[in-house]
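Inspection log for the structure reproduced underneath, given as structure tokens.
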Amino acid sequence: MVHVHTSETASENTAEVARSIGTSRSESCSADKNLEGVAGIAATTLILTNHFQHLTGTFHPDLSTMIQAAPRQLRVIPIDDRPTICHVIHALGVGGAEVLVDQMIRRMQKEFRCIVAVLDEIGEIGTRLQEDGFLVEHLHRQPGIDRGCATRLRQFADREGAVILHAHQCTPFFQAMLSRGLTGRRPVVFTEHGRHFPDAPSRKRAIVNRLLLKRHDRLFGCGAAVRQALIDNEGLPESRVEVIYNGVDLKALSKPSAGARERIREEFGYAPTDFVAVLVARLHELKDHQTALKAVDEARNRIPGLRLLLAGEGDQRTAIEQTIRQRGLEQTVTLAGTRKDIADLLSASDVFLMSSISEGIPLTVIEAMAARRPVVSTAVGGLPELIEHGVSGMLAPSRDASSLASSLIELYQSPALRSQMAEVAAGRAQEKFSLQGMLNSYRDVYNDFLEATDLHPKAKPMKAAMTNRKKTGAHS
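Residues in the sequence shown are numbered from 1 upward in steps of one, following this note's numbering.
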């Protein structure tokens with residue numbers, strides 16, 4: 001692990017934050033539009049507690065109380081022998097980051113007691129976790145500047161004896177850092193799973209991130225492009241930001257249920273000879289389904305029996321349905337809604353299509369690669385890290401329907417090329433993007449913290465207790 005100390009002095013940081021507080025608040029945070037305002041509150045608090053305590057009465061008492069009440073040392077509650085990891089996330093609806101958190105919690109439960117703090121909405125995945133006995137705490141973050149959210153997070157983490165906070169995405173990261181106050185020693189692991197569009201630098205966020213970041217925190221992007229965005233737009237130190245690639249369960253994707261291809265095609269009325277493209281994504285403007293529809297409209301005259309199956313739900317469904325009617329695509333495009341049988345859908349397809357304008361390392365593309373389906377996608381975010389154009393798939397510029405259409409036509413006309421690309425993609429998925437590889441990487445990160453006695457005075461005895469129980473044959 002690399003430790004880097006920023007070069008700015010405390011007084012220089014303080015002056016810079018003071019200047020930034022008065023700047024325009026029209027900048028948009030890539031993760032949350034309200035983060036700029038909250039960042040200002042946090043920075044103001046840091047200024048007032050650093051050589052300006054005579055101004056303490058000028059800011060909201062809730063935040064002052066939170067900072068002053070931060071614990072000086074972790075209070076580990078011996079619920080069982082496993083160290084407690086608290087994941088912090090916006091919500092637990094159906095999405096890529098949410099699925100990964102769900103898998104981390106379930107697959108690592110033998111070694112770690114994983115709990116979740118949800119800022120905004122528990123969602124479908126969160127409800128399932130609760131039903132299966134996992135602890136999911138709803139922090140009820142309020143609209144605007146919610147000064148109490150970090151306090152509630154700290155109280156939850158203290159109550160449950162969490163030794164590590166693992167924040168997913170920028171706003172949960174900010175809340176996690178803020179929750180420990182100025183004296184808390186609980187480390188934060190931060191994973192950025194993707195960037196919002198448009199993505200732009202924010203000087204204010206950069207300053208606050210530098211002020212709240214501690215030397216033992218660990219920072220990860222889910223790919224090289226996301227890592228670079230954290231450096232360029234969030235102001236995080238380049239030497240501190242690492243990469244852990246997202247991963248999927250390769251074994252599950254390689255073994256669809258028996259007869260899945262025929263069954264799925266029959267379900268949707270597709271003929272055995274139809275050329276089927278599948279697009280699995282939320283019906284959200286960032287996924288740009290409109291470009292996918294335009295591409296299919298352009299390609300269908302060159303591809304007899306072309307079909308597009310859209311799996312997912314979202315707020316763009318009505319607009320998508322309207323476009324389908326306007327372009328006369330009712331017999332070509334199928335809206336399948338939310339599906340859990342992704343491996344079966346992929347087995348029924350000939351290609352996987354993605355038209356997003358912003359992505360990190362999308363799990364759906366890795367799933368398609370693992371299922372040996374050639375990918376036609378826009379070259380945004382981390383997609384070029386997944387797909388080598390012309391070798392393991394086809395890439396096109398963002399919003400370029402004609403290029404997507406040309407790629408679909410080329411793959412339709414060359415079954416041999418489809419097969420060749422599919423094999424290369426499957427090998428790359430196996431090498432770089434397995435779920436087990438991702439879990440092993442985060443497991444190592446957690447264990448690095450647990451072995452650092454200077455950070456967790458009570459973590460080492462907990463680990464020793466686990467060792468003693470194994471030696472004596474005790475069971476939990």
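Just so you know, even glycine gets a beta-carbon here, dropped at the ideal spot from N, CA and C.
What you are looking at is a predicted structure, and each value in this text was computed from that prediction instead of being measured.
Chain-order list of residues whose beta-carbon lies under 6 Å from that of residue i (same chain, five-residue window excluded)
i: residue 4; result: Note that residue 4 scores 36 on pLDDT, short of 50, meaning its location in the model is unreliable and no value can be drawn from it.
i: residue 162; result: 84, 86
i: residue 116; result: 87, 136
i: residue 275; result: 303, 305, 306, 350, 412
i: residue 220; result: 191, 242, 244
i: residue 12; result: Unreliable positioning characterises residue 12 in this predicted model, as indicated by a pLDDT of 43, which lies under 50. A coordinate reading is not provided.
i: residue 388; result: none
Exposure label - residue i; buried when at least 16 CB within 10 Å
i: residue 154; result: buried
i: residue 75; result: Low local confidence applies: a pLDDT of 41 at residue 75 is under 50, so the model's placement there is unreliable, and no value is given.
i: residue 266; result: exposed
i: residue 83; result: buried
i: residue 246; result: buried
i: residue 300; result: buried
i: residue 215; result: exposed
i: residue 434; result: buried
i: residue 419; result: exposed
i: residue 203; result: exposed
i: residue 43; result: Interpretation of residue 43 is limited by its pLDDT of 45, a score under 50 that renders its predicted location unreliable; no figure is taken from the coordinates.
i: residue 51; result: At residue 51, the pLDDT of 35 sits below 50, so the modelled position is not reliable; the number obtained from the coordinates is stated separately. Residue 51 should be labelled exposed.
i: residue 257; result: exposed
i: residue 127; result: exposed
i: residue 392; result: buried
i: residue 132; result: exposed
i: residue 262; result: exposed
i: residue 227; result: buried
i: residue 187; result: buried
Beta-bridge partners of residue i, as assigned by DSSP
i: residue 390; result: Partner(s): none; residue 390 has no beta bridge.
i: residue 434; result: 248
i: residue 196; result: DSSP, once it has assigned bridges, lists no residue as partnering residue 196.
i: residue 219; result: 190, 241
i: residue 203; result: In DSSP, residue 203 forms no bridge with anything.
i: residue 113; result: 84
i: residue 91; result: 121
Cβ shell of residue i (< 7 Å), same chain only, five flanking positions each side left out
i: residue 149; result: 119, 139, 141, 175
i: residue 446; result: 85, 112, 164
i: residue 370; result: 248, 250, 253, 254, 426, 429
i: residue 260; result: 344, 347, 348
i: residue 288; result: 355, 356, 357, 399
i: residue 339; result: 311, 345
i: residue 442; result: 104, 244
i: residue 478; result: Because residue 478 is not part of the residues shown, which for the chain are 1 to 476, the question remains open.
i: residue 121; result: 91, 93
i: residue 403; result: 396, 397
i: residue 432; result: 245
i: residue 108; result: 114, 439, 443
Beta-carbon gap between residue i and residue j smaller than 8 Å
i: residue 252; j: residue 343; result: yes
i: residue 178; j: residue 212; result: yes
i: residue 286; j: residue 320; result: no
i: residue 293; j: residue 329; result: yes
i: residue 243; j: residue 168; result: no
i: residue 160; j: residue 206; result: no
i: residue 376; j: residue 335; result: no
i: residue 104; j: residue 439; result: yes
i: residue 291; j: residue 405; result: no
i: residue 296; j: residue 323; result: no
i: residue 173; j: residue 278; result: no
i: residue 452; j: residue 373; result: no
i: residue 386; j: residue 96; result: no
i: residue 222; j: residue 390; result: no
i: residue 189; j: residue 218; result: yes
Proximal residues to residue i (C-beta, below 8 Å), its chain only, five neighbours per side dropped
i: residue 123; result: 91, 92, 93, 94, 98
i: residue 410; result: 394, 417
i: residue 358; result: 194, 195, 196, 197, 199, 286, 380, 381
i: residue 53; result: In this prediction, residue 53 scores a pLDDT of 36, lower than 50, which makes its location untrustworthy; the coordinate-derived value is nonetheless stated afterwards. Excluding residues within five positions, none has a Cβ falling inside 8 Å.
i: residue 384; result: 225, 395
C-beta neighbour in chain C for residue i, strict 8 Å
i: residue 397; result: No chain C is part of this structure, which consists of one protein chain only.
Residue i CB to nearest heavy atom of the ligand PLP below 7 Å
i: residue 408; result: Because no ligand of any kind appears in the structure shown, any question about the ligand PLP cannot be addressed here.
Just list the alpha helix (DSSP H) runs in the stretch 329-401, keeping only unbroken ones of 4 residues or longer that don't cross its boundaries, in chain order. The qualifying runs are 342-347, 363-370, 383-386.
With a floor of 3 residues, list each beta strand (DSSP E) that falls wholly inside the stretch 263-337, ordered by position along the chain. Whole beta strand (DSSP E) segments, 3+ residues: 275-280, 306-311, 333-337.
With a floor of 4 residues, list each alpha helix (DSSP H) that falls wholly inside the stretch 122-182, ordered by position along the chain. Within the stretch 122-182, the complete alpha helix (DSSP H) segments at least 4 residues long are 123-131, 149-160, 170-179, listed from N- to C-terminus.
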